[in-house]
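Chains as they are written, first to last, in my numbering: chain V, 312 to 655; chain U, 312 to 655.
Beta carbons are placed, not taken as given, at the ideal position from N, Cα and C, and that holds for glycine.
Just below is one structure, and these are the notes that go with it.
2 protein chains.
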Amino acid sequence: MSTKQKYDIGEQSLTFPNPVYLISGASVVGKKEGEGPLGSAFDMICEDDKFGEDTWEQAESTLQKEALSLAMGKAGLKPEDIRYLFAGDLLGQNIATSFGLMDYEIPLFGLYGACSTAGESLSLASMCVGAGYAKTVAALTSSHFASAEKQFRFPLEYANQRPVSATWTVTGSGAFLLSGKRGTVRITGITTGKIVDMGIKDSMNMGAAMAPAAADVIAQNLEDFGRKPTDYDKIVTGDLGYIGQEILINLLKQKKIDISGVHEDCGILIYDKDKQGTGSGGSGCGCSAVTLSAHYLPALKDGSLKRILFVPTGALLSTVSFNEGQNVPGIAHAVVLEYAGEEA
Amino acid sequence: MSTKQKYDIGEQSLTFPNPVYLISGASVVGKKEGEGPLGSAFDMICEDDKFGEDTWEQAESTLQKEALSLAMGKAGLKPEDIRYLFAGDLLGQNIATSFGLMDYEIPLFGLYGACSTAGESLSLASMCVGAGYAKTVAALTSSHFASAEKQFRFPLEYANQRPVSATWTVTGSGAFLLSGKRGTVRITGITTGKIVDMGIKDSMNMGAAMAPAAADVIAQNLEDFGRKPTDYDKIVTGDLGYIGQEILINLLKQKKIDISGVHEDCGILIYDKDKQGTGSGGSGCGCSAVTLSAHYLPALKDGSLKRILFVPTGALLSTVSFNEGQNVPGIAHAVVLEYAGEEA
Numbered sequence: 312m313s314t315k316q317k318y319d320i321g322e323q324s325l326t327f328p329n330p331v332y333l334i335s336g337a338s339v340v341g342k343k344e345g346e347g348p349l350g351s352a353f354d355m356i357c358e359d360d361k362f363g364e365d366t367w368e369q370a371e372s373t374l375q376k377e378a379l380s381l382a383m384g385k386a387g388l389k390p391e392d393i394r395y396l397f398a399g400d401l402l403g404q405n406i407a408t409s410f411g412l413m414d415y416e417i418p419l420f421g422l423y424g425a426c427s428t429a430g431e432s433l434s435l436a437s438m439c440v441g442a443g444y445a446k447t448v449a450a451l452t453s454s455h456f457a458s459a460e461k462q463f464r465f466p467l468e469y470a471n472q473r474p475v476s477a478t479w480t481v482t483g484s485g486a487f488l489l490s491g492k493r494g495t496v497r498i499t500g501i502t503t504g505k506i507v508d509m510g511i512k513d514s515m516n517m518g519a520a521m522a523p524a525a526a527d528v529i530a531q532n533l534e535d536f537g538r539k540p541t542d543y544d545k546i547v548t549g550d551l552g553y554i555g556q557e558i559l560i561n562l563l564k565q566k567k568i569d570i571s572g573v574h575e576d577c578g579i580l581i582y583d584k585d586k587q588g589t590g591s592g593g594s595g596c597g598c599s600a601v602t603l604s605a606h607y608l609p610a611l612k613d614g615s616l617k618r619i620l621f622v623p624t625g626a627l628l629s630t631v632s633f634n635e636g637q638n639v640p641g642i643a644h645a646v647v648l649e650y651a652g653e654e655a
Numbered sequence: 312m313s314t315k316q317k318y319d320i321g322e323q324s325l326t327f328p329n330p331v332y333l334i335s336g337a338s339v340v341g342k343k344e345g346e347g348p349l350g351s352a353f354d355m356i357c358e359d360d361k362f363g364e365d366t367w368e369q370a371e372s373t374l375q376k377e378a379l380s381l382a383m384g385k386a387g388l389k390p391e392d393i394r395y396l397f398a399g400d401l402l403g404q405n406i407a408t409s410f411g412l413m414d415y416e417i418p419l420f421g422l423y424g425a426c427s428t429a430g431e432s433l434s435l436a437s438m439c440v441g442a443g444y445a446k447t448v449a450a451l452t453s454s455h456f457a458s459a460e461k462q463f464r465f466p467l468e469y470a471n472q473r474p475v476s477a478t479w480t481v482t483g484s485g486a487f488l489l490s491g492k493r494g495t496v497r498i499t500g501i502t503t504g505k506i507v508d509m510g511i512k513d514s515m516n517m518g519a520a521m522a523p524a525a526a527d528v529i530a531q532n533l534e535d536f537g538r539k540p541t542d543y544d545k546i547v548t549g550d551l552g553y554i555g556q557e558i559l560i561n562l563l564k565q566k567k568i569d570i571s572g573v574h575e576d577c578g579i580l581i582y583d584k585d586k587q588g589t590g591s592g593g594s595g596c597g598c599s600a601v602t603l604s605a606h607y608l609p610a611l612k613d614g615s616l617k618r619i620l621f622v623p624t625g626a627l628l629s630t631v632s633f634n635e636g637q638n639v640p641g642i643a644h645a646v647v648l649e650y651a652g653e654e655a
């Protein structure tokens, strides 16, 4: 007997046997993000980027803890109502997640997809709820400028200069609750990405490293679901920045796909590059997560956006792989979010 | 309308709407593992621990690549037959996985659960196949003694001494294919672990850090499924080693659960501690994965084992969290494997 697959669509996409709703989202950010164009939309802005903790890593843990707490509060739910956590961050061995979420005592699936983790966590959480495995689960991710600089580049104390192609890691965490219970925003499908390596070796130009993976998964999503770019009100990448956006649009044009009219990038939206000195734009696991929660979710809730393709993008490297001369491959995971109409 | 959950069992466990079979497993190990008690059971032993590569990290990537290739070969499948990879390793930013699996061009969910990742990957892969999302998926993990020592402790060149409580990271990768297609070994349930922190601060005593998490998830599995320890032919932890085993058995005795008659630990089985100088036993993502593939899977296939509880165990730390004085919390994920009878 072979199990019949009814939910796999095309090459890399899925729908779900039961409806999946995104019933709550919350965003917690640092001072700089609070001063940016989306500042007024975030749920919590902390003036102290250490969040009252002793280390940057503990600060990042606190971001996740607070974001999940807010998301639960908005939905009127408690930790015991959440069956699973799907969570990750950028730090070696996912320590922001481990130390941030421990106290909730909720079964945890730890994830790593670099800055694509917001898409990976929403994908796996959707698969879980959509299968009827759990009533409510949480998907969350974080990044922190200072812990990421320390992990990937130079300690802040060095005050080294940054090339203009460099992105600025967002200090922030976005948490989402997914449920089978009817809400106004529905996740109707996912397209899971492959690793794409185009030979980029410059860790200060992540946009270029990630754009090919974004192009790949967006093209595949459109093909699998039989859609054209304008079937989405927005196609939203995670953190390509200005340089990556241009590469993405050009790569897709080579495939006769024009997304220029509907494309937006969370890394471009989150900072004012002229006033804030943020180079090519924002980046990090937290970038796409807080922008989805603060900026796109309200528009999906009130129906001013009907359908978006959310595509967090990740650059797969570590200081070890970089120092050993390896390329920086990319990966991206796409999630289809739709306005589901007024709640009954 | 609320989605009815039919597959969640008790507090932390799941069964699946469609049967899930483990149709193929493969193990690739290094020289030392090949000289150990399980040596003759591994599919591939490499005399050169660099596997012909320039760096330890690339060697670990090669382990994963070879293990997946062997698992596919045994099942007569090709990369295009595999819908998803669920994979991870111990290195910062999962680089062994990213660089090892890139060439297969299969959609990837990157995972991090420290040494529990073998359990996490089998759990998520089972959930995926069990929901009917995919016909065949792969779950795989790896570790490498030299890349792990460099990552977590000291470069090998320092030749520093190790306390007897220290475990020895296994050089190895285990890959598994899960499918809805009838096989002789079936995955009938999972119990997903929470992070458990008992205040251990010694990164050279991982067994003590992980044992409480193993005790927690084993007790929960027995409660959720209404079983006693002897309902399993074996309860197999990942890499507690001698010290962790004793702690585990005692912790469960305090809960009136006696697993001493059925408990085995992959970290104890894989080396001869007297002849091989491996301290408290083997550890690492690869330890439980290669032992499951080489030692337990054949016995489940021929029915000499009818049902086992496989419980890979992880210690959640990084050099950063350790140096900042954080504890070493643990996590463990349990998977129920059963003999499913002869194939029709």
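#1: Give a yes or no on whether 9 Å exceeds the smallest Cβ distance from U:E635 to chain V.
#2: Does U:K315 have its Cβ less than 9 Å from a Cβ in chain V?
#3: Please confirm whether U:L388 has its beta-carbon closer than 9 Å to some beta-carbon of chain V.
#4: Could one say the Cβ of U:G421 lies closer than 9 Å to chain V's Cβ atoms, at least one of them?
#5: Give the list of continuous beta strand (DSSP E) stretches no shorter than 3 residues that lie fully inside the stretch 517-587 of chain V.
#6: Per DSSP, which residues does V:T447 bridge with? Please list them.
#7: The alpha helix (DSSP H) that contains V:E460, what's its start and end?
#8: Considering only C-alpha positions, which residue in the set U:G555, U:V475, U:F463 and U:A530 is nearest to U:I511?
#9: What does the alpha-carbon distance come out to for the pair V:P348 and U:G483?
#10: Quick check on U:S490: buried or exposed, where buried means 16 or more other Cβ atoms within 10 Å of its Cβ?
#11: Would V:S434 count as contacting chain U if we go by Cβ distances under 9 Å?
#12: Taking Cβ positions, are U:S437 and U:F327 nearer each other than 9 Å?
#13: Taking all protein chains shown into account, decide if V:S615 is buried (16 or more other Cβ within 10 angstroms of its Cβ) or exposed.
#14: Is the beta carbon of U:I642 less than 9 Å from the beta carbon of U:A398?
#15: Are the Cβ atoms of U:G504 and U:A645 separated by less than 9 Å?
#16: Please report whether the beta-carbon of U:D535 lies at a distance below 9 Å from any beta-carbon of chain V.
#17: Any beta-carbon of chain U closer than 9 Å to the one on V:Q375?
#18: I need the straight-line Cα distance from V:A524 to U:S351, nearest angstrom please.
#19: Would you tell me roughly how many angstroms separate the C-alpha atoms of U:F487 and U:N329, rounded to the nearest one?
#20: Counting only Cβ pairs nearer than 8 Å, list the residues of chain V close to U:C439.
#21: Mind checking V:P474: buried by the 16 CB within 10 Å criterion, or exposed?
#22: Taking C-beta pairs closer than 9 Å, name the residues in chain V that U:A425 reaches, listed in chain order.
#23: Looking at V:I356 and V:K342, is the spacing between their C-beta atoms short of 9 Å?
#24: Given U:K545, which residues of its chain have a CB within under 6 Å of its CB, disregarding the five upstream and five downstream residues?
#25: Which residues of chain V have a Cβ atom closer than 7 Å to the Cβ of U:I417, listed in chain order?
#26: Taking Cβ positions only, does V:D392 come closer than 9 Å to chain U?
#27: Do the stretch 386-394 of chain V and the stretch 390-407 of chain U meet, that is, are 3 or more Cβ pairs less than 8 Å apart?
#28: Can you find a C-beta in chain V that's less than 9 Å from the C-beta of U:I619?
#29: Between U:A382 and U:I579, what straight-line distance do the alpha-carbon atoms span, to the nearest angstrom?
#30: Please confirm if U:M515 has its CB atom under 9 Å from at least one CB of chain V.
#31: Keeping to the same chain, check which residues put their C-beta closer than 6 Å to that of V:G656; ignore five residues upstream and five downstream.
#32: Contact between the stretch 522-540 of chain V and the stretch 554-571 of chain V is defined here as three or more beta-carbon pairs at a separation below 8 Å; is this criterion met?
#33: Under the rule that 16 or more other beta-carbon atoms within 10 Å means buried, what is V:L422, buried or exposed?
#34: On the DSSP letters alone, give me the boundaries of the alpha helix (DSSP H) that U:I501 sits inside.
#35: For chain V, find out if any of its Cβ atoms is closer than 9 Å to the Cβ of U:E460; answer yes or no.
#36: Using a Cβ-Cβ cut-off of less than 8 Å, list which residues of the stretch 622-646 of chain U approach chain V; keep chain order.
Walking through what the data contain:
#1: yes
#2: Caution applies to U:K315, whose pLDDT of 43 falls short of 50 and renders its modelled position unreliable; the model cannot decide the point.
#3: no
#4: yes
#5: 545-548 and 574-576
#6: V:S490
#7: F456 to F463
#8: U:G555
#9: 49 Å
#10: buried
#11: yes
#12: yes
#13: exposed
#14: no
#15: yes
#16: no
#17: no
#18: 41 Å
#19: 18 Å
#20: M438
#21: exposed
#22: Q404, N405, S409 and G421
#23: yes
#24: V573, E575 and I619
#25: K505
#26: no
#27: no
#28: no
#29: 25 Å
#30: no
#31: In the structure as shown, chain V begins at 312 and stops at 655. Residue 656 of chain V is therefore absent and cannot be evaluated.
#32: yes
#33: buried
#34: Not the alpha helix (DSSP H): U:I501 falls in the beta strand (DSSP E), residues V496 to T502.
#35: no
#36: L627, L628, S629, T630, V631, S632, E635, Q637, P640 and I642
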